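So the sequence shown is numbered by this note's numbering: it starts at 5 and just counts up by one.
One structure is given below, encoded as structure tokens.
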Amino acid sequence: MHKSDTPRTYRVKSFGCQMNVYDGERMAELLAEQGITPAPEGEDADLVVLNTCHIREKAAEKVYSDIGRLVKAGEEAGRKPMIAVAGCVAQAEGEEIMARAPAVSMVVGPQAYHRLPEMIAQAASGKRATDTDMPEDAKFAALPKRRKVGPTAFLTIQEGCDKFCTYCVVPYTRGAEISRPFSDLLREAASLVEAGAREITLLGQNVNAWTGEDVTGRELGFDGLVRAMAALPDLQRIRYTTSHPNDVTEGMIAMHGEVDKLMPYLHLPVQSGSDRVLKAMNRSHTAESYLKLLERFREARPDIALSGDFIVGFPGETEAEFEETLALVDAVGYAQAFSFKYSARPGTPAATMDGHVPMAVMDERLQRLQAHLNRDQLAFNQASVGKTCDVLVERKGKKPGQWLGKSPWLQSVFFEGEAAIGDMVRASLEEAGPNSLRGEVLEKVSA
Ligand code: SAH
Ligand code: SF4
Ligand code: F3S
């Protein structure tokens with residue numbers, strides 16, 4: 005590898021889940037602290053960080069096509085960008101990337117990106133650098149303070165996964181479950197609010213597995229953390245994702261009826277409606293125990309919007325088992341959901357199971373499932389028409405004078421009128437489509 009200049013501009017491209025978005029923001033802050041500035045829109049960056057996702061085959065393959073594109077664009081412009089591969093593909097396939105893609109200077113895992121500055125210096129001196137260590141909790145302590153953010157912000161409170169669902173790479177790419185310390189989280193939340201955030205979404209691969217101790221040493225569960233965050237004066241809304249059915253506690257259900265700032269929204273993936281498939285997935289809950297949990301959440305907060313994740317075509321899934329998933333969907337009436345075709349991931353137990361479902365069958369099942377989910381999403385939006393609710397303004401709409409924000413139930417609401425990003429306005433919901441609602445502003449609640 006050639007020596008190259010220390011980069012002056014950067015671009016971070018994040019793929020995958022919201023935790024990657026959070027990591028991408030933190031990497032950007034770290035680079036900015038080094039005096040590296042964001043590359044202006046439309047211009048090539050000296051340093052490109054590809055913050056990758058390994059969850060499905062398509063997501064993982066993207067990194068190689070992106071590297072190819074960067075190299076080609078660099079050749080055409082007569083320059084060589086410094087390329088760093090970060091995120092879950094880096095963790096899972098670091099060595100392979102280094103072997104397959106000579107244009108890559110750095111491979112850095114999700115637990116090691118606080119070391120980017122040293123790695124950049126090494127790469128600039130002509131030596132490629134790899135760091136996929138998982139030092140416990142070192143990363144967050146080494147990161148700079150939060151910068152100015154928009155009205156909504158992500159905050160990772162928990163990382164990793166000990167659940168080992170048989171299809172999933174996350175326990176391997178993100179390591180064991182760890183909870184960030186209570187006081188660090190409250191400090192970071194306060195600095196986000198100070199920097200302009202009005203809504204914070206708490207993140208974790210299993211966010212509700214969070215545990216910690218408050219300042220007096222009292223043990224706290226996830227609900228204790230949410231209650232403590234709700235005491236931050238200028239924070240108006242709290243959300244969280246993704247939670248796991250097995251980590252749901254009484255306190256977590258109860259908080260939905262008691263904490264005003266906590267939004268009425270729950271993303272609780274179930275994956276399948278068939279107990280045989282759930283068992284093969286190692287989900288350790290049944291369709292019935294899952295439905296019972298949802299009932300409890302609805303008792304605590306009757307208007308709660310429910311969301312979930314689904315996988316169709318898990319190895320061995322029969323037509324009858326797939327129909328059990330449809331029946332579960334019909335029983336719940338989700339406000340929103342994410343559905344995927346099963347993707348065999350190297351190293352996971354499911355990849356070597358019998359009965360892989362043909363792609364055409366998976367395609368057909370996904371379409372049928374999505375028809376049910378889309379129907380329910382539209383029905384949920386339509387049932388909101390006539391309601392009045394607060395909308396947190398996040399950005400300008402496509403048309404002049406138009407604004408876009410979120411309802412408490414995470415629906416996109418657009419409206420026309422006087423407003424600014426970060427305003428909370430009260431709106432009446434007038435019309436519903438599959439993906440958004442039209443509102444009319446009644447008054448400004450706060451700016
Ligand atoms: N920790 C979270 C989410 C993990 S990944 C949870 O357990 O709920 C997000 C979603 O991707 C999963 O919920 C699952 O629906 C999907 N997923 C994970 N591995 C997959 C695979 N191998 N093929 C298809 N979908 C997958
Ligand atoms: Fe993956 Fe299961 Fe862990 Fe979620 S709970 S991250 S699906 S192993
Ligand atoms: Fe993807 Fe890693 Fe998130 S595999 S979904 S970026 S935890």
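We put the beta carbon where it would ideally sit given N, CA and C, even for glycine.
On a predicted model such as this, the values are computed, not experimentally measured, just so you know.
Worksheet item: Counting along the chain, where does the alpha helix (DSSP H) carrying Ser347 start and finish?
Response: Walking along the sequence shown from the start, residue 347 turns up at place 343. Taken as a continuous stretch (DSSP letters only), Ser347 belongs to no alpha helix (DSSP H), as it is neither H nor E.
Discussion item. Closer than 5 Å between the C-beta and any heavy atom of the ligand SF4: which residues qualify, listed along the chain?
Written reply: Cys165, Lys167, Cys169, Cys172, Val174 and Gln209
Practice prompt. Verify the contact flag: Gln275, CB atom, against every heavy atom of the ligand SAH, threshold strictly below 7 Å.
Written response: The residue given as residue 275 occupies position 271 in the sequence shown. Within the cutoff, so yes.
Worksheet item: Where Lys265 and Gln340 are concerned, what is the direct C-alpha to C-alpha distance, given to the nearest angstrom?
Response: Here residue 265 refers to the residue found at position 261 when the sequence shown is read from its first residue. Here residue 340 refers to the residue found at position 336 when the sequence shown is read from its first residue. Distance between the alpha carbons of Lys265 and Gln340 is about 21 Å.
Fill in: the ligand F3S heavy atom lying under 7 Å from the CB of Thr205
Along the sequence shown, read from residue 1 onward, the residue named residue 205 stands at position 201. Checking every heavy atom of the ligand F3S against the Cβ of Thr205, none is found closer than 7 Å.
Worksheet entry | Residues of its chain near Thr374, where Cβ-Cβ distance is below 7 Å and the 5 sequence neighbours each way are ignored | Position 370 of the sequence shown, counted from the first residue, corresponds to residue 374. According to the sequence displayed, residue 374 carries Gln and not Thr. Same-chain partners within the cutoff: Ser343.
Discussion item. Going by C-alpha to C-alpha distance, which of Ala157, Thr290 and Gly216 sits closest to Ala194?
Written reply: Along the sequence shown, read from residue 1 onward, the residue named residue 194 stands at position 190. Nearest option by C-alpha distance: Ala157.
Practice prompt. Look at the Cβ atom of Val230, then the Cβ atom of Val263, and state whether they are nearer than 8 Å.
Written response: Numbered from its first residue, the sequence shown carries residue 230 at position 226. Numbered from its first residue, the sequence shown carries residue 263 at position 259. Yes. Within cutoff.
Worksheet entry | Span of the beta strand (DSSP E) around Asp380 | As a position in the sequence shown, residue 380 is number 376, starting the count at 1. Note, Asp380: premise wrong, no beta strand (DSSP E); alpha helix (DSSP H) at Met363 to Ser388.
Worksheet entry | C-beta contact flag for Gly443 and Val395 at 8 Å | Locating residue 443 in the sequence shown gives position 439, counting from the first residue. Locating residue 395 in the sequence shown gives position 391, counting from the first residue. Yes. Within cutoff.
Worksheet item: In the stretch 202-279, which residue ranges form an unbroken beta strand (DSSP E) of at least 3 residues, counting only runs that do not cross its ends?
Response: 203-207, 215-217, 223-225, 241-245 and 269-271
Practice prompt. Using beta-carbon positions only, say whether Ala249 and His289 come within less than 8 Å of one another.
Written response: Mapped onto the sequence shown, residue 249 falls at position 245. Mapped onto the sequence shown, residue 289 falls at position 285. In the sequence under discussion, the amino acid at residue 249 is Pro, which differs from the Ala named in the question. It is a contact, given that the beta carbons lie within the stated cut-off.
Practice prompt. Starting from the Cα of Lys149, find the closest Cα among Thr41, Ile87, Pro319 and Glu37 and give me that residue.
Written response: Looking up residue 149 in the sequence shown gives position 145. When each option's Cα is compared against that of Lys149, the closest is Glu37.
Discussion item. Here's the rule I'm using: 16 or more other beta-carbon atoms within 10 Å means buried, otherwise exposed. How should Leu54 be labelled?
Written reply: Position 50 of the sequence shown, counted from the start, is the residue given in the question as residue 54. Buried, since its Cβ has 16 or more Cβ neighbours within 10 Å.
Discussion item. DSSP has Val174 in a bridge; who is on the other side?
Written reply: In the sequence shown, counting from the first residue as 1, residue 174 sits at position 170. In DSSP, Val174 forms no bridge with anything.
Worksheet item: Okay, do the stretch 160-174 and the stretch 40-56 touch, 3+ Cβ pairs below 8 Å being the bar?
Response: no
Worksheet item: Regarding Tyr269 and the ligand SAH, is the C-beta to nearest heavy atom distance less than 7 Å?
Response: Here the question's residue 269 lines up with position 265 in the sequence shown. No, the ligand SAH has no heavy atom inside 7 Å of this Cβ.
Worksheet item: Can you tell me whether DSSP reads Thr356 as helix, strand or coil?
Response: Your numbering for residue 356 matches position 352 in the sequence shown. Three-state result, Thr356: helix.
Worksheet entry | Close beta carbons around Ala258, own chain, < 8 Å, minus the five adjacent residues each side | One-based indexing of the sequence shown puts residue 258 at position 254. If we look at Ala258 and ignore the five residues flanking it on each side, its Cβ neighbours are Asp227 and Ala304.
Fill in: Neighbourhood of Glu434 by C-beta distance below 7 Å, restricted to the same chain and skipping five residues each side
Sequence index remark: in the sequence shown, residue 434 carries index 430 (1-based). If we look at Glu434 and ignore the five residues flanking it on each side, its Cβ neighbours are Val389, Arg442, Gly443 and Glu444.
Item to complete: May I have a chain-ordered list of the alpha helix (DSSP H) segments no shorter than 4 residues that lie completely inside the stretch 35-88?
Response: 61-81
Worksheet item: Among Arg151, Ala436 and Tyr68, which residue has its Cα nearest to the Cα of Ala105?
Response: In the sequence shown, the residue the question calls residue 105 occupies position 101. Cα-wise, what sits closest to Ala105 is Tyr68.
Worksheet item: Within the chosen definition, does the stretch 119-126 reach the stretch 96-104 through at least 3 CB pairs nearer than 8 Å?
Response: no
Discussion item. Quick test of the definition: if touching needs 3 or more C-beta pairs under 8 Å, does the stretch 171-185 touch the stretch 128-135?
Written reply: no
Discussion item. Please list the terminal residues of the continuous beta strand (DSSP E) segment that includes Phe419.
Written reply: For the purposes of this step, residue 419 is taken as the residue at position 415 of the sequence shown. Here the beta strand (DSSP E) through Phe419 covers Ser416 to Glu420.
Worksheet item: Thr160 by DSSP, collapsed to three states: which one?
Response: Residue numbering aside, residue 160 sits at position 156 when the sequence shown is read from its first letter. Thr160 falls in the strand class under three-state DSSP.
Item to complete: Specify whether the stretch 6-23 and the stretch 39-50 touch according to this definition: at least 3 beta carbon pairs, one from each stretch, less than 8 Å apart.
Response: yes
Practice prompt. Just the C-alpha distance for Arg349 and Asn286, rounded to the nearest angstrom, thanks.
Written response: The residue given as residue 349 occupies position 345 in the sequence shown. The residue given as residue 286 occupies position 282 in the sequence shown. Each residue's alpha carbon lies about 16 Å from the other.
Worksheet item: What three-state label does DSSP hand Leu105 in the structure shown?
Response: Along the sequence shown, read from residue 1 onward, the residue named residue 105 stands at position 101. Looking at the sequence provided, one finds Ala at residue 105 rather than Leu. Coil.
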